[in-house]
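Okay, so here's the structure we're looking at.
Protein chains: 2
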Amino acid sequence: METWKRFHEKQLTHSMAHYLQAIASLTRAGGTSVSAIAERLGVSKAGVTSMLRSLTTRGLAKHEPYGDVTLTVEGQRLAARTERSRDVLTEFFGEILGLDPATAEEDACMIEHLVSPDSMVRFLRLTAFLRSDHPTAERFREAFREYQNACESGTESAHCPVCHGRCLRVALEELIDPVEGEKESLS
Amino acid sequence: METWKRFHEKQLTHSMAHYLQAIASLTRAGGTSVSAIAERLGVSKAGVTSMLRSLTTRGLAKHEPYGDVTLTVEGQRLAARTERSRDVLTEFFGEILGLDPATAEEDACMIEHLVSPDSMVRFLRLTAFLRSDHPTAERFREAFREYQNACESGTESAHCPVCHGRCLRVALEELIDPVEGEKESLS
DNA sequence: GACGAAAGTTAAGCATACTTAACCACGCAG
DNA sequence: CTGCGTGGTTAAGTATGCTTAACTTTCGTC
Numbered sequence: 026m027e028t029w030k031r032f033h034e035k036q037l038t039h040s041m042a043h044y045l046q047a048i049a050s051l052t053r054a055g056g057t058s059v060s061a062i063a064e065r066l067g068v069s070k071a072g073v074t075s076m077l078r079s080l081t082t083r084g085l086a087k088h089e090p091y092g093d094v095t096l097t098v099e100g101q102r103l104a105a106r107t108e109r110s111r112d113v114l115t116e117f118f119g120e121i122l123g124l125d126p127a128t129a130e131e132d133a134c135m136i137e138h139l140v141s142p143d144s145m146v147r148f149l150r151l152t153a154f155l156r157s158d159h160p161t162a163e164r165f166r167e168a169f170r171e172y173q174n175a176c177e178s179g180t181e182s183a184h185c186p187v188c189h190g191r192c193l194r195v196a197l198e199e200l201i202d203p204v205e206g207e208k209e210s211l212s
Numbered sequence: 026m027e028t029w030k031r032f033h034e035k036q037l038t039h040s041m042a043h044y045l046q047a048i049a050s051l052t053r054a055g056g057t058s059v060s061a062i063a064e065r066l067g068v069s070k071a072g073v074t075s076m077l078r079s080l081t082t083r084g085l086a087k088h089e090p091y092g093d094v095t096l097t098v099e100g101q102r103l104a105a106r107t108e109r110s111r112d113v114l115t116e117f118f119g120e121i122l123g124l125d126p127a128t129a130e131e132d133a134c135m136i137e138h139l140v141s142p143d144s145m146v147r148f149l150r151l152t153a154f155l156r157s158d159h160p161t162a163e164r165f166r167e168a169f170r171e172y173q174n175a176c177e178s179g180t181e182s183a184h185c186p187v188c189h190g191r192c193l194r195v196a197l198e199e200l201i202d203p204v205e206g207e208k209e210s211l212s
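If you read the sequences in order, they're chains Y and X. So my numbering is basically just the index in the first sequence, starting at one, shifted up by 25. So my numbering is basically just the index in the second sequence, starting at one, shifted up by 25.
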């Protein structure tokens, strides 16, 4: 029960990951500057300066006052990994789970820097496998679509024919935000 | 490109989610106290007091100085949802992706409060489906295991027979932390 | 009913990641 | 070669979520 505290010991914070991605992307697009990063991320220039100092200290970026901004090799590596993680997750959420693109993108963005490399590899394999022309994968896509539809319009009974025994709708209902009329109790 | 800033606007922070879970769990086990929460989470009692004030302000817990600790209905709901999310994700990472239990637990813990309810529902369905005795699911488990094994000991060539064209090992290699001898460059 | 330990609290301090306001640096126009 | 505007910086302030140290409250024991 100590795992949870490692949240803040992750190699990259959510902010740092997005700074690295922004710098990498802007560099590819021709050139980076404090203003460009600020605009891209929607933060103040002062915030960028301060984060660049922090990234430089960590050996992920190079930046001297009034100088230009570049990533170190390590910074480039982490930027690339984070970008690829986000892409893999977006594809998984969108293509496999069937989420709408906006939610898929958002969920991927939230967790991209938190999922272990080992998991990422397996997400990638699973997504690739389920999207491939492997006959089992094709059959899966068909069956899972039916399964989801049946579940969507499923029975209210405890014995769901789709779920082979226990109907998942019970659990689902509790997962989706139900209560919406109690927000004013926050005073 | 503004999604990333919503990270800190999430309903629950990582810490808050774990406080709610701890309180719920301790309540079920007989009784909650500041000390018990502190011990469970491995934080100081002062930290607990301060977080309880914050949770009370947000309408998720009830706590008066030197009084006992309880969750509001909303707090209970969020605690239950978070716990269930973690369970679903742990099952997915462990049973479907095939991660070792420790990593599965850790990854689930990191992202449980960040994944949208909609995604959680689909994670649940996918896990349930792939673990079911549905014939397609059974075939999937077999095929995906073979696929992973083949990938693990796969070819070095660009044309991988498993991946039906482009070998994923290229991408995998970049995802897994490779460089390990540059850590002292942080000065 | 006083006493001391355990439980709980406040206060002060730290780190992160922002904000605004105000101040510096630099290059180009005249 | 002066001056001004843009880009960039520091400084100070905010919020979160911790820490330790010191203080208060409560309660069981005698």
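The C-beta atom is built at its ideal place from N, Cα and C for all residues, glycine as well.
| Quick check: the segment 146 to 160 of chain Y against the segment 140 to 151 of chain X, are there 3 or more CB pairs under 8 Å? | no
| request: With DSSP as the reference, label Ala162/Y as helix, strand or coil. | output: helix
| task | Report the three-state DSSP secondary structure of Leu96/X (helix, strand or coil). | result | strand
| Run through DSSP, which three-state label would Ala42/Y get? | helix
| Residues sharing a beta bridge with Lys87/X, DSSP | Thr95/X
| query | Mind checking Gln36/X: buried by the 16 CB within 10 Å criterion, or exposed? | reply | exposed
| said: Tell me the residue span of the alpha helix (DSSP H) that contains Glu130/X. | reply: Pro126 to Ile136
| query | Are the beta-carbon atoms of Ile62/Y and Leu96/Y separated by less than 7 Å? | reply | no
| field | Endpoints, the alpha helix (DSSP H) within which Thr81/Y is located | value | Lys70 to Thr82
| query | In this structure, does DSSP put Ala49/Y in helix, strand or coil? | reply | helix
| Taking the C-alpha atoms as reference points, what is the distance between Tyr91/Y and Thr38/X? | 36 Å
| task | Compare the Cα-Cα distances from Gly72/X to each of Thr82/X, Gln101/X and Ser60/X and report the closest residue. | result | Ser60/X
| field | Close beta carbons around Asp132/X, own chain, < 6 Å, minus the five adjacent residues each side | value | Phe118
| Ser210/Y classed as buried or exposed, judged by whether at least 16 other C-beta atoms fall within 10 angstroms | Only weak support is given to the placement of Ser210/Y: the predicted model assigns it a pLDDT of 37, under 50, and the question is left unresolved by the model.
| Terminal residues of the alpha helix (DSSP H) in which Arg156/X lies | Pro142 to Arg156
| request: Mark Arg65/Y as exposed unless 16 or more other C-beta atoms lie within 10 angstroms of its C-beta, in which case mark it buried. | output: buried
| task | Would you kindly report the start and end of the unbroken alpha helix (DSSP H) that includes Leu66/Y? | result | Val59 to Leu66
| Ala56/X, buried or exposed, once every other Cβ within 10 Å from all chains shown has been counted against 16 | With the sequence shown as reference, residue 56/X is identified as Gly, and Ala is not the correct amino acid for it. Gly56/X should be labelled exposed.
| query | With burial defined as no fewer than 16 other Cβ atoms inside 10 Å of the residue's Cβ, what is the status of Glu27/X: buried or exposed? | reply | exposed
| task | Please list the partners that Met135/X has in chain Y, where partner means a Cβ-to-Cβ separation under 9 Å. | result | Thr28, Trp29, Arg31, Phe32, Lys35, Ile136, Leu139, Val140 and Ser141
| query | Can you tell me the Cα-Cα spacing of Phe148/Y and Ala42/Y, whole angstroms? | reply | 20 Å
| Does DSSP classify Glu27/X as helix, strand or coil? | coil
| query | If you check the beta carbons only, do Phe165/X and Phe169/Y fall under 7 Å apart? | reply | no
| Is the Cβ-Cβ distance between Ala129/X and Thr107/X less than 7 Å? | no
| task | Since I believe Leu77/X is in contact with Val94/X (beta carbons under 8 Å), could you give me their beta-carbon distance rounded to a whole number of angstroms? | result | 6 Å
| query | Cα separation between Leu124/Y and His159/X? | reply | 23 Å
| query | With C-beta atoms as the reference, is Met135/Y less than 7 Å away from Leu80/X? | reply | no
| If you draw a straight line from the C-alpha of His88/X to the C-alpha of Leu45/X, how long is it? | 13 Å
| task | Check the Cβ of Ser144/X against every Cβ in chain Y and list those closer than 9 Å, keeping chain order. | result | Phe118, Leu122, Leu124, Thr128, Ala129 and Asp132
| task | Please state if the CB of Arg150/X and the CB of Gln173/Y are separated by a distance shorter than 7 Å. | result | yes
| request: Please look up how many angstroms separate the CB atoms of Lys30/X and Gly67/Y, rounded, as I've assumed it's under 8 Å. | output: 6 Å
| task | Keeping to the same chain, check which residues put their C-beta closer than 6 Å to that of Ser110/Y; ignore five residues upstream and five downstream. | result | Glu137 and Met145
| Member of Ser58/Y, Ser50/Y, Ile121/Y and Thr74/Y whose CA lies at the smallest distance from the CA of Ala105/Y | Ser50/Y
| task | Ignore the nearest five residues each way along the sequence and tell me which others in Thr74/X's own chain have a CB closer than 8 Å to its CB. | result | Val59
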